[in-house]
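Notes follow once the structure below has been shown.
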Amino acid sequence: MQDCFIYDAVRTPRGRGRPDGALHEVPPLDLAAHVLRALRDRNGLDTSLVDDVVLGCVMPVGEQGSNVGRVAALNAGYAETAAGVQINRYCASGLEATNMAAAQIMSGQSDLTVGGGVESMSRVAMGADAGGWFSDPEVAFKTYYTPQGIGADLIATKWGFSREDVDAYAVESQRRAAKAWEERRFDRSIVAVRDQLDRVLLDRDEHMRPGTTMQSLAALRPAFAA
Numbered sequence: 003m004q005d006c007f008i009y010d011a012v013r014t015p016r017g018r019g020r021p022d023g024a025l026h027e028v029p030p031l032d033l034a035a036h037v038l039r040a041l042r043d044r045n046g047l048d049t050s051l052v053d054d055v056v057l058g059c060v061m062p063v064g065e066q067g068s069n070v071g072r073v074a075a076l077n078a079g080y081a082e083t084a085a086g087v088q089i090n091r092y093c094a095s096g097l098e099a100t101n102m103a104a105a106q107i108m109s110g111q112s113d114l115t116v117g118g119g120v121e122s123m124s125r126v127a128m129g130a131d132a133g134g135w136f137s138d139p140e141v142a143f144k145t146y147y148t149p150q151g152i153g154a155d156l157i158a159t160k161w162g163f164s165r166e167d168v169d170a171y172a173v174e175s176q177r178r179a180a181k182a183w184e185e186r187r188f189d190r191s192i193v194a195v196r197d198q199l200d201r202v203l204l205d206r207d208e209h210m211r212p213g214t215t216m217q218s219l220a221a222l223r224p225a226f227a228a
């Protein structure tokens with residue numbers, strides 16, 4: 003088995019997955035192409051050496067359908083010889099894409115690959131690809147399909163997580179995110195998104211709420227309620 007090395011890592015800032023999010027007007031293909039170009043330019047990458055661009059995508063339909071890995075690579079100006087593929091393992095899609103990109107190298111199938119993911123939840127809604135779980139009650143029943151809200155409640159009940167437990171986890175997560183930004187830990191990986199006039203649309207994760215407290219979370223209504 004061959005050794006595999008991660009040479010570089012880049013990403014856009016994360017925008018809110020809503021119509022008022024900073025990245026709502028940017029098509030997902032443009033977001034993917036933006037980071038692919040940044041990866042190429044900052045490393046002087048000869049894209050004809052890239053064997054495959056593996057991108058994860060949970061809702062591979064509409065603007066992020068039609069093999070987003072291949073189309074994004076071409077949209078970024080990569081060599082036509084650079085292959086591309088899209089994979090879907092739901093929330094682990096980007097991680098699985100990176101695993102698959104690495105596995106190609108470790109198995110000797112490829113020499114240089116790009117692994118990552120793209121998703122625009124403000125432009126392509128959850129469930130947009132339908133599928134058996136969402137559109138066929140018989141399939142959902144036979145395969146024990148459990149929606150997120152019910153699933154979260156079952157997990158919390160089984161393992162004894164109270165609302166206070168998960169709220170405390172959320173507060174700590176927000177604190178760590180803010181601290182990481184203050185310490186400039188993301189400076190090397192973040193690629194600011196700009197519009198066609200070169201104005202910055204987003205250069206910092208939009209979802210952070212460093213002022214989050216247990217009291218402020220306790221005042222929120224549950225995300226899922228009967």
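Numbering of the sequence shown is given in our numbering, commencing with residue 3 and proceeding in unit increments.
For each residue, glycine too, the CB sits at the ideal point set by N, CA and C.
Which same chain residues end up closer than 7 Å to residue i when comparing Cβ atoms and leaving out the 5 residues on each side of it in sequence?
i: methionine 216; result: Asp169, Ala170, Val173
i: histidine 36; result: Thr14, Val193, Val195
i: threonine 83; result: Ser50
Have a look at the options and flag the residue whose alpha-carbon is nearest the alpha-carbon of residue i.
i: alanine 65; options: Ala180, Ile157, Asp131, Gly46; result: In the sequence on display, residue 65 carries glutamate and not alanine. Nearest C-alpha to glutamate 65: Asp131.
i: proline 29; options: Thr115, Asp205, Ala40, Ser124; result: Ser124
i: arginine 16; options: Arg223, Glu208, Pro224, Leu219; result: Glu208
i: aspartate 10; options: Arg190, Asp197, Ser218, Leu219; result: Arg190
i: isoleucine 89; options: Thr214, Glu82, Met102; result: Met102
i: lysine 144; options: Ile152, Gly134, Gln150; result: Gly134
i: leucine 38; options: Ser164, Asp54, Ser137; result: Asp54
i: alanine 179; options: Ile8, Arg206, Glu166, Asp197; result: Arg206
i: phenylalanine 7; options: Leu41, Leu57, Ala105; result: Ala105
i: arginine 223; options: Ala99, Arg186, Lys160, Arg165; result: Arg165
i: valine 1; options: Gly79, Leu41, Met128; result: Examination of residue 1 is not possible in this model, given that the chain is present from 3 through 228 alone.
i: aspartate 197; options: Asp32, Val12, Asp22; result: Asp32
Mind checking whether residue i and residue j have CB atoms under 9 Å apart?
i: valine 126; j: valine 63; result: yes
i: glycine 86; j: asparagine 69; result: yes
i: alanine 2; j: glycine 151; result: Because the chain here runs from 3 to 228, residue 2 falls outside it and cannot be looked at.
i: alanine 24; j: leucine 204; result: yes
i: leucine 51; j: leucine 97; result: no
i: arginine 18; j: glycine 58; result: no
i: alanine 99; j: valine 56; result: yes
i: alanine 78; j: aspartate 48; result: no
i: leucine 41; j: valine 116; result: yes
With a CB to CB cut of under 8 Å and the five nearest residues on each side skipped, what residues in its chain are close to residue i?
i: arginine 211; result: Gln176
i: glutamine 4; result: Ile107, Met108, Ser109, Gly110
i: alanine 182; result: Phe188
i: arginine 44; result: Asp10, Val12
i: threonine 148; result: Leu156
i: aspartate 163; result: Checking the sequence, you will find phenylalanine at residue 163 rather than aspartate. Excluding sequence neighbours, phenylalanine 163 sits near Ile157.
Once you ignore the five residues that flank residue i on each side, which residues in its own chain have a CB closer than 6 Å to its CB?
i: histidine 26; result: Ser124
i: alanine 34; result: Ala74, Val120
i: arginine 20; result: Ser124
i: glycine 67; result: none
i: threonine 214; result: Val173, Gln176
i: phenylalanine 136; result: Gly129
i: aspartate 138; result: none
i: lysine 160; result: none
(message) Quick check: the region 63-75 against the region 120-130, are at least 3 beta-carbon pairs closer than 8 Å?
(response) yes
(request) Starting from the N-terminal side, write out each stretch of the beta strand (DSSP E) that is 3 residues or longer and does not extend beyond the region 76-125. (result) 85-89, 115-119
(request) May I have a chain-ordered list of the beta strand (DSSP E) segments no shorter than 3 residues that lie completely inside the region 181-212? (result) 202-204
(message) What ranges does the alpha helix (DSSP H) occupy inside the region 27-82, keeping only unbroken runs of at least 4 residues that lie completely in it?
(response) 30-45, 70-77
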